[in-house]
Each structure stands twice: as C-alpha cells, then as structure tokens.
Amino acid sequence: MTSSLFALLATTVEALPEEAAQAVTQGAAAAGNAAASFNLLDLVIKASIPVQFIMLLLVVASLTSWIIIFRKWKVIRRAKAEADQFEERFWSGAELSKLYAGTTERSRSIGGLEAIFESGFREFNRIRQRRGVDSRAQLEGAQRAMRATGSRELDGLEHNLELLANIGSTSPYIGLVGTVFGIMVTMHSLVSASKQVGIADVAPGISEALLATAMGLFVAIPAVWAYNRFATGVERLAVRYDAFSEEFSSILQRQAHLDE
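Under full-length UniProt numbering, the very last position in the sequence shown is 260; numbers go up by exactly one each time.
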C-alpha cells in the first residue's frame with residue numbers, strides 16, 4: 001500500500017498538448033472579447049426588421065404607460081387632497097348654504113366630494129321650491145343628482161386605466177413574438193450558410209431574441225404595478241364618495257322634515 005502511494009507521488013503530470021492549450025487560450029480570449037463587445041444598442045441596430053419593429057412598438061408602449069402613470073398619479077393625489085379638505089370644511093359645522101355658495105364661485109373649478117355636494121344640494125333646493133312636493137321627492141332628487149355626479153367623477157379617475165392594464169398584460173406576449181421572430185431569422189440564416197456554424201454565429205441572433213423578451217417584461221412590470229395601485233386608489237375614493245352621499249342624504253332628510 002505504501003509503495004503504491006509513493007509510486008503515485010512520483011508520477012509526473014504530463015502537460016496538455018500544445019494544440020489543446022492553444023484552443024483553450026483562444027476560447028478564453030474569444031469569451032473575453034465577446035463580453036467586452038456586448039452592447040445593447042448594437043444588438044438593436046443589427047437586429048432583423050421584424051424584431052426592430054416589435055422593439056419600437058414596445059418603446060412606444062413604455063412611453064405611453066409612463067405618461068399615463070405620471071398623469072394618473074397627479075390626478076388621484078389631487079382627488080384625495082381635495083376630498084380631505086372638503087370633508088374637513090363640511091364636518092367643521094359650517095352652514096350648508098355657505099358651503100354651497102363657496103362651491104358655486106366661478107373663479108375655480110370643483111370636483112370630487114365638492115362636486116357631489118354641489119349637485120345634491122342644488123337639486124334639493126330646486127325641488128324644494130316647487131309647491132306640493134313632499135320631502136321624499138326632494139331627497140330622491142338629491143340622491144339621483146349625487147349618484148350621477150359621483151359616476152362622472154369616478155369615470156374621470158378611471159380614464160386611461162384600461163389602456164394601462166392592456167399594456168401591462170400584452171407587453172410580455174409582444175416581446176415573446178419578437179423572440180420567436182429573432183430565433184426564426186437566426187435559424188434560417190444559419191441553415192442557408194455554407195460554412196460550419198459555431199456559437200459565435202448563433203449568439204447575436206439569440207441575444208436579440210432574448211432582448212425582445214426582456215423589453216416586454218420591463219414594459220409590463222411597471223404598468224401592472226401602477227394599474228393595481230391606481231385601481232385600489234380609485235376604489236377607495238369610490239367608497240368615500242358613496243359614504244359621503246349617504247351621510248349627506250341623512251342631513252338633507254332631516255332638513256326636509258323640518259321644512260314640513
């Protein structure tokens with residue numbers, strides 16, 4: 001056993017053949033050159049026409065989604081701030097007539113809870129001025145006006161959310177189509193080539209194909225996240241609008257009974 005161990009230790013390790021060593025060196029150098037020359041812009045410029053068209057479509061979709069995201073973020077944030085401010089004024093004990101006079105000023109535009117209050121109180125006063133109209137008719141008229149105004153306000157808040165959802169749901173599939181086209185074009189060009197095909201010949205086509213998939217994901221992820229966030233924000237505002245309409249209806253109902 002001991003003699004065998006000494007024999008193994010005494011054995012000299014033969015060096016790799018010169019050709020194999022050169023092949024390994026050349027492979028490492030090629031890999032280093034490929035990593036150094038990797039450029040996304042170069043992949044886009046050298047991509048096939050179908051893949052370039054799909055990439056352009058994804059860029060347009062990304063710009064559109066970001067424009068919608070920034071605009072919708074401002075709109076929903078303003079709607080929340082206006083709702084907070086009006087609720088603070090409304091529940092501070094101010095008279096309804098003074099609040100209504102403030103909402104009808106022509107120097108500014110109103111929206112959200114303030115618009116719902118204005119429409120409901122205006123319709124309530126209009127019906128109350130008629131003769132022979134009971135309190136139930138006054139309350140129903142005010143509630144119809146508030147529901148219609150609330151629907152218009154929510155419709156404005158939900159504007160372009162459907163487009164944002166469509167961009168988020170379809171962008172990965174559009175990128176996948178670009179991947180399929182890129183691989184198809186690469187395979188056909190390699191089949192038609194008469195020389196022997198190596199990894200260096202396949203890599204550019206596969207890279208542009210995978211780049212289309214990555215672009216589709218980069219477009220979809222922010223769009224889906226923003227849509228879910230904005231949809232939740234609109235839903236919360238809808239709950240606040242409905243709750244305010246019910247509370248304001250109770251106030252108008254008490255006032256209608258006092259007038260009788």
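The C-beta atom is built at its ideal place from N, Cα and C for all residues, glycine as well.
Here the region 112–128 lies against the region 235–255, with 3 or more beta-carbon pairs under 8 angstroms apart. Here the alpha carbon of E140 sits roughly 10 angstroms from the alpha carbon of E123. In summary, G156 is exposed, with fewer than 16 beta-carbon neighbours lying within 10 Å of its beta-carbon over all protein chains present. Note that the C-beta distance between L58 and S207 is not below 8 angstroms.
Sequence-distant Cβ neighbours of A101 in its own chain, meaning closer than 8 angstroms and more than five residues away, do not exist here. About 27 angstroms separates the CB atoms of A81 and I167; that is not less than 8 angstroms, and the two are not in contact. Counted as a single uninterrupted DSSP element, the alpha helix (DSSP H) harbouring A148 occupies residues 135–157. Annotation: E87 to Q255 spans about 19 angstroms, alpha carbon to alpha carbon. Just so you know, the alpha carbons of Q52 and M187 end up roughly 17 angstroms apart. Looking at the backbone, the Cα of E235 and that of T179 are separated by about 37 angstroms. Comparing C-alpha distances from S119 to each of R136, L99, N228 shows the shortest one belongs to L99. Spanning the alpha carbons of G233 and V185 requires a straight line of approximately 45 angstroms. It is roughly 10 angstroms from the alpha-carbon of A231 to the alpha-carbon of K72.
Excluding five sequence positions before and after T104, none of the CB atoms of its chain fall closer than 6 angstroms to its own CB. Counted as a single uninterrupted DSSP element, the alpha helix (DSSP H) harbouring R122 occupies residues 113–128. The shortest CA-to-CA distance from L237 to any of K74, A214, A79, I69 is the one to A79. In this structure S48 is buried. Its beta-carbon is surrounded by 16 or more other beta-carbon atoms within 10 angstroms. E153 counts as buried, since no fewer than 16 other beta carbons sit within 10 angstroms of its beta carbon. With a threshold of 16 other beta carbon atoms within 10 Å, Q129 falls short and is exposed. For A94, the secondary structure class from DSSP, reduced to helix, strand or coil, is coil. In chain order, G168 place their CB closer than 6 angstroms to the CB of V224, counting only its own chain and leaving out the 5 sequence neighbours on each side. In the three-state DSSP reduction, N160 falls in the coil class, being neither helix nor strand. T186 carries a helical assignment under DSSP once its states are collapsed to helix, strand and coil. Contact between G216 and L176 holds: their C-beta atoms lie close to 7 angstroms from each other, under 8 angstroms. Taking Y227 as reference, the option from D134, S249, L161, A212 with the minimal CA-CA separation is L161. Classified as buried, I174 has 16 or more neighbouring CB atoms from the shown chains inside 10 Å of its CB.
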